[in-house]
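Chemist: A single structure is presented below for examination.
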Amino acid sequence: MPKVDTNPISDALARDRGGFLSLEGPVRRWRIEQGRVPEEALRVIRRGGVLVFPTETVYGLGGNPLDKNVIRKIFSIKERPEGKPLPLVAAHREAVLRGVAWWPQAARALAAKFWPGPLTLVLPAAPLFPQELLSDEGTVAVRISPHPVPRQLAEACGGWIIATSANLSGEPPTRDPENLSRELLRRVDGLVDGGCLEKEVPSTVVELLRGGPLRWRCLRRGAVEMEDVARVLGVDAMESGD
Numbered sequence: 207m208p209k210v211d212t213n214p215i216s217d218a219l220a221r222d223r224g225g226f227l228s229l230e231g232p233v234r235r236w237r238i239e240q241g242r243v244p245e246e247a248l249r250v251i252r253r254g255g256v257l258v259f260p261t262e263t264v265y266g267l268g269g270n271p272l273d274k275n276v277i278r279k280i281f282s283i284k285e286r287p288e289g290k291p292l293p294l295v296a297a298h299r300e301a302v303l304r305g306v307a308w309w310p311q312a313a314r315a316l317a318a319k320f321w322p323g324p325l326t327l328v329l330p331a332a333p334l335f336p337q338e339l340l341s342d343e344g345t346v347a348v349r350i351s352p353h354p355v356p357r358q359l360a361e362a363c364g365g366w367i368i369a370t371s372a373n374l375s376g377e378p379p380t381r382d383p384e385n386l387s388r389e390l391l392r393r394v395d396g397l398v399d400g401g402c403l404e405k406e407v408p409s410t411v412v413e414l415l416r417g418g419p420l421r422w423r424c425l426r427r428g429a430v431e432m433e434d435v436a437r438v439l440g441v442d443a444m445e446s447g448d
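Numbering (this note's numbering), first residue to last: 207 to 448.
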């Protein structure tokens, strides 16, 4: 897959160095101050940029999920196979409800127990999202993070932000910004630096299935144990991922 061309947003920011600390090349780094994302970083996201940022688990890569150009850019940056959906972080519960077409009692129970937190729910998507973001079945993967940075970025995008792991496809995610791929950093519009994170375990991904009695499956094991999900739902998973 060809490399992403230098983004004009990055070029413009390189000429205006106020508030930035340089990494290698054109990459820019914003420091979090008092739990707030600097306005310059929010402006980049609003203008269609792609940023690396901290979450409660590992460093994420994201941008506006309603912008098809942003979606294509993220696939290219990560060298991610097409057709593999991108997960979202929502700013709040109201955004989640606007983004899904089905919100059953099982989802409400899991959200009440584990959100904000590292549990991603896979549910039928509302028609507002581009198909490129979704699975072949039309589902969207979403969670509410307890970390303030992705929530603030999501708010700047209208309620959601793409939050896939900040690594090239096939490489491991990281909790330390100093271990981020320099190749990946050269392709993005900046890094929101939250320091070294406490955890390096990705979110657990659970899909709730429509039709008949309650059925669910774990698409990815992670920070939330499957047994804890089963305890809330009162039924074991149909199958589980790695």
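Beta carbons: idealized from backbone N, C-alpha and C, even for Gly. Keep in mind that this is a model prediction, so the values were computed, not measured.
Quick one: what does DSSP say F335 is sitting in, helix, strand or coil?
Modeler: Here F335 sits in coil by DSSP.
Chemist: If you measure between the beta carbons of L359 and L272, is that distance less than 9 Å?
Modeler: At the C-beta level, L359 and L272 stay beyond 9 Å of one another.
Chemist: Taking the C-alpha atoms as reference points, what is the distance between R392 and I350?
Modeler: 28 Å
Chemist: Using the beta-carbon count (16 or more within 10 Å), is L420 buried or exposed?
Modeler: The C-beta of L420 has fewer than 16 other C-beta atoms within 10 Å across all chains shown, which makes the residue exposed.
Chemist: Please specify which runs of the beta strand (DSSP E), each continuous and at least 3 residues long, are wholly inside the region 226 to 303, giving them in chain order.
Modeler: 234 to 237, 257 to 259, 266 to 268, 294 to 296
Chemist: On the criterion of 16 or more Cβ atoms from any shown chain inside 10 Å, does N385 qualify as buried, or is it exposed?
Modeler: By the Cβ-count criterion, N385 is exposed, with fewer than 16 other Cβ atoms from all chains shown falling within 10 Å of its own Cβ.
Chemist: Taking the alpha carbon of E389 as the point to measure from, which residue in W308, N373, K290, E300 has its own alpha carbon closest?
Modeler: N373
Chemist: Would you check if there are 3 or more beta carbon pairs closer than 8 Å linking the region 376 to 385 to the region 406 to 414?
Modeler: yes
Chemist: Closer than 7 Å by C-beta to E361: which residues in its own chain qualify, once you throw out the five before and the five after it? Chain order, please.
Modeler: A297
Chemist: For S371, which residues of its own chain have a beta-carbon under 6 Å away from its beta-carbon, when the five flanking residues on both sides are left out?
Modeler: Correct list, in chain order: V264, P379.
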